Structures are given as C-alpha cells and as structure tokens.
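In the numbering used here, the protein residues as written are 1 to 429.
First up is the structure itself, then whatever we jot down about it.
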Amino acid sequence: MKTKINLQNTIISVTGLGYVGLPIALAFGHKFPVVGFDINPDRIKLMQDGIDPSGEVTSEEFNGVNIEFSANPAFLRKANFHIVAVPTPIDAHTMPDLGPLLSATITIAKSLKPGDYVVFESTTYPACTEEECVPLLEEISGLSMGKDFKVGFSPERINPGDKEHTLSNVIKVVSGNDEEALEYISAVYGCIVEAGIYKASSIKVAEAAKIIENTQRDLNIALMNEISMICDRLNINTFEVLEAAGTKWNFLKFTPGLVGGHCIGVDPYYLTYKSKALGHDPKIILAGRYTNDQMPGYIAKKTVQKVVKQGKSPSESRVLVLGATFKEGVSDVRNSKVAELVQELKAYSLHVDVVDPLADKEALHEEYQIQVLEKPQGKYDAIVLAVAHKPFLEIDNKTLQSWANFPALLVDIKGLFRKRAEGFEYWSL
Ligand SMILES: NC(=O)c1ccc[n+]([C@@H]2O[C@H](COP(=O)([O-])OP(=O)(O)OC[C@H]3O[C@@H](n4cnc5c(N)ncnc54)[C@H](O)[C@@H]3O)[C@@H](O)[C@H]2O)c1
C-alpha cells in the first residue's frame, strides 16, 4: 500500500465521543469532513443538538464544524482515517478491561477498506495495538496490515477542566506501523495541533510513553502521600515541609492528595499487567498504587480520631464534605476517591453531608448513593475540604465558621486553608 499524502481526500471518523473523542472530532471538523460515531444513541442525540454530554465543550464549539454524528456503524464506511477513543478501564480485579477497545476495533474492521488508516488514541499497555487490535482488524476485514491498511497510535493528553493545556497547544505524540504511515498520520494531526507533532519511533514506544506519563505522576503523588503520613507522626505540616524543600532548584513540585478518576489511578495497572506478563514484578509501581488507594481510609480514620478527641461521639457528629468529583474544576465523579472517603466516614457512623456545585449529581447518586445538598444545612463537627473547586477556595473564614459546631475540626486535604483556619482544630495531609 502506497499512501500519497493527500489531505484533501481525507475523511475522518472518530469512534467513542467522550472526554477525549468529542474534542478531537470537533477539532478535525474544522479541517476535514468527520463522522462521529458512538454506541450510545442518547449521547449522539445530544451532540446532534450541539450539546456535549460530558459537559466539557461549549455549544459554540459545535458551530461551523463539518461533522455527522451517528450511532449507526455503517456511517464509518464513509471515512478513510479512523480514530478510536473509547474507554480503557480496569475490572474489579484491577486487570485491563479491553472490552470497549476490542468491540470498537471489530466495528471498524467491518467497515475497513483498502487504503484506510486506523489510529488508536485510547490509553493502553505497550504492544496492545499490534498484539490485540491489528489481528482483529485483519481477521474481520480480510485485509492485511501494511499491505491493505495502516495503523498508528497517538496518545491523548487532554486534561479535563484545564483550559490552559489544550489539544491544539500541547505537542502530540504520533506513531505508525511504518515510515509512510508515520508521515501521513503526522500530516493529518499536524492540521489541528499547533504546538507540533512528535514522531515516535514505533507504536510500542508511543503506547509506553503515554502510560509512563501517568505512572510517573501516580508514583510521585504516592511518595507525597507517604511523606505526609510520616510528617503527621512527626507532628509537622507536610505543606510547610514541601514549601521549604521546594526552594531547591531540582525539587519536584508534587503534593499529597486523593488519586481518583479514570487515568492516573487506572493506567499504571495496564503497565503492571504487561510487566507481569513479561516476567517482571513491578513492585514500585504497585506500592504507589497501594499507597494512593488507601488514602480515603487513612483520612477517614484521622477525622474520626480527632472528632473523638474533641469529646464527641461519632454517631452524634456531623461532617460536611466539600467536593465530590475526582478532581477540581470537573463534574466527573468516576472513580472518585471522595466517594470512598464518604463511605469510610459513614462506616464510622458519622453523619455525612456532601456539597458540590460542579459534580454530576445523578452519577453520584447512581454510583455511590450519595445525595448532594445545594448548600450546608445546620452546624457541623468537622468540615472536610476535599476538592479544590474554585468556589470553595473563595469561602471566607466567617462563612466556614458559620457552619461549625465548635469545637470543630477542619480537614484540609489539599492544605489550601492552612493559613486561614482560625477557630478550628486544623488537620491536612
Ligand atoms: N478523559 C481523559 O482525561 C483522558 C485523557 C487522556 C487519555 N484518555 C483515554 O482516552 C480514552 C477515552 O477516555 P474518555 O475519558 O474520553 O472516555 P469516556 O468514557 O468519556 O467516553 C467514551 C465514549 O466511548 C463510547 N463507547 C464506548 N464503547 C464504545 C464502542 N465500542 N464503540 C463506540 N463508542 C463506544 C461511550 O459511549 C462514550 O461516549 C481512554 O482510553 C482514556 O484512558 C482519557
């Protein structure tokens, strides 16, 4: 198969229109005809009406784009450059769940034509594209990779809630099954990414690059969480220690906290899965995962200990938790560690109220049976500032005090109220 770089004839399909897929489809929709395919017809209906079901993209961003949204896989046949952006979660045993990825691959294989390209954007372990997806594409389409169609992998760096680092202004890593594929895939992505393209030397390198970005972040946060447990025993504040250490030029600025969501807390398990399959036991990465996963339980234990120390009985104490999403500035509650913290606090028989102006309330109720209140109701024995949403950072001390049943505890997970917690018994990570 010889590909002449002919961008004029490129028609793009994007399969999986979530946090990652929809912004990509919209960006390409300004430059190419695009087919946006998703298995969820309700989501497709909203997108046809210019609404992002994930709440990340504004309706204005749908204006002037050349996109046909459809839940009908037959529409994929119109395209010759297929992008896959479906979820890659883990199962209850922290094993990669390749179900959505393989099912999307099968759907595309059924529409694959000679001369087509398939580029995977879903995060996965190194070698997954060539070992799992390509054989399926070949078997179902009856075509041969390299001869009849080409593949690539281009990891996604979108950061929901972050308006500073966008698809267009962050360098995009791309890879292809051969030199020609690499050039063509680079040219296509080059049309929408202003920051530039990084051409990885192979598909496996691009897959590994993405997975280690998130693994590195996970491990660094785990180290900070462990340091915070040590600082607690030393009776010193972790954030004061980090501030002092941060004056050195090569000290990395990570902070302790809850690691939830569908990337940082999940992706390392894809790497450890592959590592074990190759005969290496990834002890350090798994130790980091273990540390981060135990933080909700640790914070709940510290909270209840301090409530009891104030002479209060847990079953008669009320806790206000501010924030329930997996991180600040988003509505997403998937794998929210705050939800776990709430469950842990309830297990100690504390009464817990949750307030979050941004959270997807339906999902919180459906997934965790947590009912979010519009605003705090009455007085609380402990207030937990769990997520650094902007409106919470603007709360003044007087308001905070008006919610407290003194003596009261302020649990400041991110250490943001350290210098303005007057009147409270203060604890942070
Ligand atoms: N969200 C992020 O911040 C982020 C950042 C970088 C990379 N990633 C990676 O990108 C991928 C997608 O993540 P996301 O957050 O956009 O997921 P998401 O859950 O927001 O969206 C996935 C979409 O895919 C659809 N879908 C599921 N199975 C499908 C199938 N077989 N065929 C067609 N559509 C299907 C769903 O209906 C949904 O609309 C994952 O691999 C993730 O790890 C995500």
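From the three backbone atoms N, C-alpha and C, an ideal C-beta is built for every residue, glycine too.
Only a predicted model underlies this, so the values are computations on that prediction, with no experimental measurement involved.
Could you pull out every unbroken beta strand (DSSP E) segment of at least 3 residues lying fully inside the segment 144-168, listed in chain order? 150-153
Answer yes or no: the CB of residue 38 versus the heavy atoms of ligand 1, is any distance below 7 Å? yes
Sort 419, 377, 38 by Cα distance to residue 70 and report the nearest one. 38
Taking 8 Å as the threshold, find out whether the segment 166-183 comes into contact with the segment 232-250 through three or more Cβ pairs. no
Can residue 26 be considered in contact with ligand 1, in the sense that its beta carbon sits closer than 7 Å to one or more heavy atoms? no
Compute the distance between the beta-carbons of residue 205 and residue 152, then report whether it is under 8 Å. no
Between the alpha carbons of residue 188 and residue 18, how many angstroms are there, rounded? 21 Å
In its own chain, which residues sit with a C-beta less than 7 Å from the C-beta of residue 314, not counting the 5 before and 5 after it? 304, 307, 308, 348, 349, 350
Residue 409: first and last residue of the uninterrupted beta strand (DSSP E) it sits in: 404-412
Alpha carbon to alpha carbon, what distance is there between residue 343 and residue 395? 25 Å
Within its chain, find whatever has a CB closer than 7 Å to the CB of residue 50; leave out the 5 residues flanking it on each side and keep chain order. 59, 62
Measuring only the C-alpha atoms, how far is residue 393 from residue 105? 44 Å
Beta carbon of residue 15: closer than 7 Å to some heavy atom of ligand 1? yes
Does the distance from the CB of residue 74 to the CB of residue 12 come in under 8 Å? no
When you compare the CB positions of residue 330 and residue 135, do they come within less than 8 Å of one another, or not? no
What first and last residue would you give for the beta strand (DSSP E) that runs through residue 353? 351-355
Can you tell me whether DSSP reads residue 381 as helix, strand or coil? strand
Per-residue burial, residue 42 [other beta carbons within 10 Å of its own, 16 or more giving buried]: exposed
Minimum C-alpha distance to residue 285 - residue among 278, 175, 267: 267
Please confirm whether residue 16 and residue 84 have their CB atoms less than 8 Å apart. yes
Residue 19 Cβ short of 7 Å to ligand 1 heavy atom set: yes
Rounded straight-line distance, which links the Cα of residue 248 to that of residue 437: The chain is shown from 1 up to 429; residue 437 falls before or after that span and cannot be answered.
Any idea if residue 27 is buried or exposed, counting beta-carbon neighbours within 10 angstroms, 16 or more meaning buried? buried
Could you tell me the alpha carbon to alpha carbon distance between residue 464 and residue 111, rounded to whole angstroms? With the chain running from 1 to 429 in the structure shown, residue 464 is simply not present.
Test: residue 73 CB closer than 8 Å to a CB of chain B: No chain B is part of this structure, which consists of one protein chain only.
Just list the alpha helix (DSSP H) runs in the segment 203-259, keeping only unbroken ones of 4 residues or longer that don't cross its boundaries, in chain order. 203-234, 238-245
Mind checking residue 398: buried by the 16 CB within 10 Å criterion, or exposed? exposed
In angstroms with no decimal places, state the Cα-to-Cα distance between residue 388 and residue 239. 15 Å
With DSSP collapsed to three states, give me the class of residue 82. strand
On the three-state DSSP scale, how would you describe residue 290? helix
Beta carbon of residue 87: closer than 7 Å to some heavy atom of ligand 1? yes
Which one of 194, 250, 272, 196 has the shortest CA to CA distance from residue 208? 272
C-alpha distance - residue 385 paired with residue 367, whole-angstrom precision: 21 Å
Just the Cα atoms here: how many angstroms apart are residue 103 and residue 413? 39 Å
From 237, 335, 132, pick the residue whose C-alpha is nearest to that of residue 99; which is it? 132
Reduced DSSP secondary structure (H/G/I, E/B, other) of residue 70: strand
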